[in-house]
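Have a look at the structure below, then the notes.
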Amino acid sequence: MHKPIRVLIGKPGLDGHDVGAKLVSRALMAAGMEVIYTGLRQSARGIVKAVLEESVDVMGLSILSGAHIPLCRKISEEMKTQGLQDVTWIVGGNIPRRDHTKLFEIGVDGVFPTGTAFSTMVEFIQEKVKR
Amino acid sequence: MSDKTKDEGQLHWESGLAVKPIYTADDVAETGGLDSLGLPGQYPFTRGIHPLMYRKRPWTMRQYSGFGTAAETHQRFLWLIEQGQTGLNVAFDLPTQCGLDSDDEMAHGEVGRVGMAVDTLADMEEAFEEIDLNKITVSLTINGSAVAIMAMYFAMARKRGFDLKNLRGTAQNDILKEFIGRGTWIFPVNESIRLVGDTIEFCAHQVPKYSAVSVCGYHIRESGADPAQEMAYGLSIACAYIDHVLKRGLDIDQFAKGLSFNFDIHGNLWEQVAKFRAGRRLWAKILKERYGAKDPRSMQLRMIAGGGGGGLTIQQPENNIVRGAYYALISALSGTQTMALCSYDEAYTIPSEHAARLSLRTMQILMHEIGLCDTVDPLGGSYFVESMTNQMESKILEIMNELEQQGGVVKGVAEGMVQAAVNRQAFEQEKRIQTGEVKKVGVNCFVEKEEEREVEFHPYREEEANKQIDRLRRIRAERDFEKVKSCLKTLHQAASSGKNVMPAIMDAVEAYATVGEVCGVLKDVFGAYREPIRF
Chain A
657 MHKPIRVLIG
667 KPGLDGHDVG
677 AKLVSRALMA
687 AGMEVIYTGL
697 RQSARGIVKA
707 VLEESVDVMG
717 LSILSGAHIP
727 LCRKISEEMK
737 TQGLQDVTWI
747 VGGNIPRRDH
757 TKLFEIGVDG
767 VFPTGTAFST
777 MVEFIQEKVK
787 R
Chain B
-3 MSDKTKDEGQ
7 LHWESGLAVK
17 PIYTADDVAE
27 TGGLDSLGLP
37 GQYPFTRGIH
47 PLMYRKRPWT
57 MRQYSGFGTA
67 AETHQRFLWL
77 IEQGQTGLNV
87 AFDLPTQCGL
97 DSDDEMAHGE
107 VGRVGMAVDT
117 LADMEEAFEE
127 IDLNKITVSL
137 TINGSAVAIM
147 AMYFAMARKR
157 GFDLKNLRGT
167 AQNDILKEFI
177 GRGTWIFPVN
187 ESIRLVGDTI
197 EFCAHQVPKY
207 SAVSVCGYHI
217 RESGADPAQE
227 MAYGLSIACA
237 YIDHVLKRGL
247 DIDQFAKGLS
257 FNFDIHGNLW
267 EQVAKFRAGR
277 RLWAKILKER
287 YGAKDPRSMQ
297 LRMIAGGGGG
307 GLTIQQPENN
317 IVRGAYYALI
327 SALSGTQTMA
337 LCSYDEAYTI
347 PSEHAARLSL
357 RTMQILMHEI
367 GLCDTVDPLG
377 GSYFVESMTN
387 QMESKILEIM
397 NELEQQGGVV
407 KGVAEGMVQA
417 AVNRQAFEQE
427 KRIQTGEVKK
437 VGVNCFVEKE
447 EEREVEFHPY
457 REEEANKQID
467 RLRRIRAERD
477 FEKVKSCLKT
487 LHQAASSGKN
497 VMPAIMDAVE
507 AYATVGEVCG
517 VLKDVFGAYR
527 EPIRF
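Here the protein sequences come in this chain order: A and B. Per my numbering, the first sequence runs over residues 657 to 787. Per my numbering, the second sequence runs over residues -3 to 531.
What follows is the structure, given as structure tokens:
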């Protein structure tokens, strides 16, 4: 038996739209993964700390306020400060296509805008986190 | 989005009600036939809350708007008024909504992004400069920090010479729904309800024509509830506020007319119409029978109802223009008082002027060209509509009673049960859309291969955010700090002793205390909300 893939779904910043984060949490759980959902209004520091403490394979951030660039930059800085390297980083939410490249440059591994099929995310994660 | 079951003869709405191919007089006979309906403007107001409805006064058009600094938002307000908008609906940025100042660490990157940044009374003054608050009624979309923002609005109006006794307008100020969806809560559940109670009580005495609360089914629906649940949870929340305020010794007719509602429109046309007509009747009955209201105005469900963002799609964005027009039609057919549409680009950005104007024109075309204001409740008396209104009323009541038996909406929200139930449903519905069981044009049928969309994005300018922070720091330096300190101390005492906090907050904001300072004092006394995570 493989150990299940562990995922942390976080809501950085002040954005209160959590339907997507919770839907993705449910979908990943339904696909057999272990999911920790942080709840709203988490600081970058707190999220990265939780990723390290929970030793998850995937860090998923849900951002719908449009602040994905500054928030992901902050996360990236925190990852350096706290020494987090070995994690698959995905971002979902209200992310216009023109910003995807910028997010990849910051260090994000996968971007899943609103409306992405659950199966696409599940497959991406299973592919990235090979057991 | 009606779900067809496998049996071709059966059709069900999202709320679960079954729809027949044909309706006749027999379908309304059980409830006394069409003669028992009553007239518009008469209890139980099924056909509308005013006798002449749009013949006398068309709906107010109030697009949700605000971004950047108060100066930028002020320009958009003036432009919207010039375009024929008859009310304003203010969007605040997330730091303001969460009770944080623009230079708070958590505000980084969010200042002025999804709405107007407000730190002090000075911002409120600038946003509404020269706007006649007697002619243009203003709705403030503010919840967690509503006590501070409402106080700033009242202080601004008073300073401008408007008599608070005659000031009209609305604050959203519905904190219970923030715990279910939208998420701009600050304080724990019971303390939050107490603050809503403080504003209701304050307005009942000081700003009697103002609607202190706009109870929102809207965001609960957006979070996954079906239309019947949307109405049921909304009415249950309104009852929770009433129960709280009655304990303070106020008479129901002193404050119930200050409660208004905000509902969502997307999905099946007839289901929404039945929802509104049923909700209006049920609310009137609850006020009269359960609470013993005598003033008909206390029994009237007044609402803003416009397009629901949840119905709009990122794919083929122009389709949203068409959807918006149908949502507006549904809203007018349902007897709304105020209308706001989500603009077609709102699924991904702050509406451009072009998109905002289209929304406004949509409503204006309905009002002036199509004949929607010709007669009151044009669907009234349809066997189908009346039968479904009756069934919807029973369904809403059933959900409300069930929630009551489980301990009530306050307990359900505090423990996270309501949130989990609504999200479970959102998950099931999303799966139905992803499998194509529920059709969504452009999403799971009639799909086009789309290239990078040519969409105009509202620019986020960091220099505007920096301007806001500079301005805040300047005001902090220039104000009489001793006075601010003493006002905040008085607020602390009021909050800890259970006194109404509104007078103290009015004094504090008049001395240019910031949103963050006011909410900070309340956080010291009340603590912060801890979100229950349940699946």
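Idealized CB from N, CA, C, for every residue including glycine. Source: prediction; values computed, not measured.
Rounded to whole angstroms, alanine 416 (chain B) and cysteine 338 (chain B) show a C-alpha spacing of 27 angstroms.
Aspartate 755 (chain A) has a beta carbon lying at 7 angstroms or more from every beta carbon in chain B. The C-beta separation of lysine 173 (chain B) from isoleucine 216 (chain B) comes to about 6 angstroms, placing the pair in contact by the 8 angstroms criterion. Glutamate 734 (chain A) has its alpha-carbon roughly 36 angstroms from the corresponding atom of lysine 481 (chain B). Between proline 184 (chain B) and glycine 403 (chain B), the beta carbon gap of about 17 angstroms keeps them out of contact (Cβ cut-off 8 angstroms).
In chain order, Phe531 make up the part of chain B whose C-beta sits under 8 angstroms from the C-beta of serine 681 (chain A). The beta carbons of alanine 500 (chain B) and threonine 510 (chain B) sit no closer together than 7 angstroms. For asparagine 419 (chain B), at least one C-beta of chain A is nearer than 7 angstroms to its own C-beta. The straight-line gap separating the alpha-carbon atoms of methionine 498 (chain B) and phenylalanine 73 (chain B) is approximately 27 angstroms.
The C-beta of serine 219 (chain B) comes closer than 7 angstroms to at least one C-beta of chain A. Interface residue (Cβ-Cβ distance to chain A less than 7 angstroms): glutamate 426 (chain B) is classified as such. Per DSSP, methionine 715 (chain A) is not a residue of any alpha helix (DSSP H); the beta strand (DSSP E) it occupies stretches across 714 to 719. For glutamate 460 (chain B) and glycine 111 (chain B), the gap between their C-alpha atoms comes out near 12 angstroms. Cα atoms of phenylalanine 88 (chain B) and alanine 25 (chain B): separation of roughly 49 angstroms, rounded to the nearest angstrom.
Around isoleucine 703 (chain A), the same chain offers Leu664, Gly666, Pro668, Thr694, Met715, Leu717, Ile731, Glu734 as residues with beta carbons nearer than 8 angstroms, after the five sequence neighbours per side are excluded. For glutamate 690 (chain A), there is no enclosing alpha helix (DSSP H); the residue is part of the beta strand (DSSP E) that begins and ends at 690 to 693. Rounded to the nearest whole angstrom, the CA to CA distance from glutamine 738 (chain A) to asparagine 419 (chain B) is 33 angstroms.
Here DSSP, grouped into helix, strand and coil, assigns leucine 664 (chain A) to strand. Nearest Cα to phenylalanine 198 (chain B) within the set B:Gly29, B:Phe251, B:Glu314, B:Arg293: B:Phe251. The DSSP-derived three-state label of glycine 749 (chain A) is strand. Looking at the DSSP output, leucine 84 (chain B) bridges to B:Val134.
Beta-bridge analysis with DSSP links glycine 494 (chain B) to no other residue. Look at leucine 74 (chain B): its C-beta is not under 7 angstroms from any C-beta on chain A.
Separation of glutamate 458 (chain B) and arginine 530 (chain B) (C-alpha to C-alpha, rounded to the nearest whole angstrom) is 37 angstroms. By the Cβ rule, the segment 49 to 56 of chain B counts as touching the segment 363 to 382 of chain B, because three or more pairs are nearer than 8 angstroms.
DSSP places threonine 776 (chain A) in the uninterrupted alpha helix (DSSP H) bounded by 774 to 784.
Annotation: methionine 299 (chain B) to cysteine 483 (chain B) spans about 36 angstroms, alpha carbon to alpha carbon. Separation of the CB atoms of valine 269 (chain B) and isoleucine 326 (chain B) is rounded to 6 angstroms, and the pair is thereby assigned contact status at 8 angstroms.
Looking at the DSSP output, glycine 254 (chain B) bridges to nothing. Of all residues in the segment 465 to 498 of chain B, none is placed with a Cβ closer than 7 angstroms to any Cβ belonging to chain A. The residues Asp170, Leu172, Lys173, Val211, Val405, in chain order, have a CB closer than 7 angstroms to that of isoleucine 233 (chain B) in the same chain once the five nearest residues on each side in sequence are set aside.
Counting only runs that start and end inside the segment 116 to 167 of chain B, the beta strand (DSSP E) elements of at least 3 residues fall at 133 to 137, 165 to 167. In the DSSP assignment, isoleucine 300 (chain B) falls within the beta strand (DSSP E) that extends over 299 to 301. In terms of Cα proximity to asparagine 264 (chain B), the closest of B:Gln81, B:Met384, B:Leu30 is B:Met384. Among the residues of chain A, those whose CB is under 7 angstroms from the CB of phenylalanine 423 (chain B) are Leu679, Arg682, following chain order. With a threshold of 16 other beta carbon atoms within 10 Å, lysine 678 (chain A) meets it and is buried.
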